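Comments concern the structure below.
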Amino acid sequence: MTTKMTRTLAMAVPAAAALTAAALTATAAPAAAEGGKFMTVYSMTNGPCLAQIDASVNEDAYPESAAFTVSSMMWGVGNCSLPVTLNWRNTDTGATGSVTRTANGPGYWMNDGKSAIFSPGVGNFTATITLGQAHLPEPGMVHFTIAKYQG
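Encoded structure:
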């Protein structure tokens, strides 16, 4: 058992180093995204994994609500997690808030359904995301609008 785990770890460490090197060479500059999708981000995690994070905001999730969806692919040799926080600002009222979802791995993970829905109010919004570990590139900013429910 120890030999098998050592062999697995010996194979995983070079793969993790290669993924880290690839992520560190990414030079895309942050920009405002269209359609509520943030740039793909590569990140360290809480635990022995590296993660690819894809996040988006869907303004048509539910009346007067939006959905913050996070999907991740984590490569590693043990349990790992990564908090991903959506920081929003209503550009009409100045109200701010945040919503955090925690991706878990290794493997593929995605939140959806009710776990993605949040209600920041009605108006025009800008949003950024922050990750709980070092990451590249910066994910940029998205714009979204939540209209008043017309019944």
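Heads up: the sequence shown runs through residues -28 to -1, 1 to 123, numbered per mature numbering (1 follows the signal peptide of the UniProt record, and there is no 0).
Don't be surprised by glycine CBs; every beta carbon is placed ideally from N, CA and C.
Quantities reported herein were computed from a predicted structural model and do not represent experimental measurements.
Asked	Found
Just to confirm my understanding: we take T41, look at its own chain, exclude 5 residues before and 5 after, and list those with CB closer than 6 Å. What are they?	S28 and A88
Let me know the secondary structure DSSP gives K120 once reduced to three states.	coil
From the DSSP output, read off the bridge partner residues of F40.	V29
Using only the alpha-carbon positions, how far apart do P111 and D32 sit?	22 Å
Using a 10 Å radius around the Cβ and a threshold of 16 neighbouring Cβ atoms, would you call L78 buried or exposed?	The amino acid occupying residue 78 in the given sequence is Pro; Leu does not appear at that position. Flag for P78 reads buried.
Quick check on the burial criterion: 16 or more other C-beta atoms within 10 angstroms. Buried or exposed for G8?	buried
Could you spell out the range, first to last residue, of the beta strand (DSSP E) harbouring N76?	T68 to G77
Note down the Cα distance separating H107 from Y14, rounded to an integer number of angstroms.	5 Å
Alpha carbon to alpha carbon, how far is L22 from G85?	26 Å
In whole angstroms, what separates the C-alpha of A38 from that of T102?	18 Å
What is the C-beta distance between V45 and Q105, in whole angstroms, given that I count them as a contact (C-beta under 8 Å)?	One point to set straight first is that residue 45 is Met, not Val, in the sequence displayed. Actually they are not in contact, since the Cβ atoms of M45 and Q105 sit about 15 Å apart, beyond 8 Å.
Measure the Cβ-Cβ separation of T74 and S91 and say whether it is below 7 Å.	no
Do L58 and A119 have their C-beta atoms within less than 7 Å of each other?	no
Exposed or buried, C20, counting other C-beta atoms within 10 Å across all chains shown (16 or more means buried)?	Note on residue identity: the sequence assigns Pro, not Cys, to residue 20. When all chains shown are included, P20 counts as buried.
In whole angstroms, what separates the C-alpha of V94 from that of S70?	15 Å
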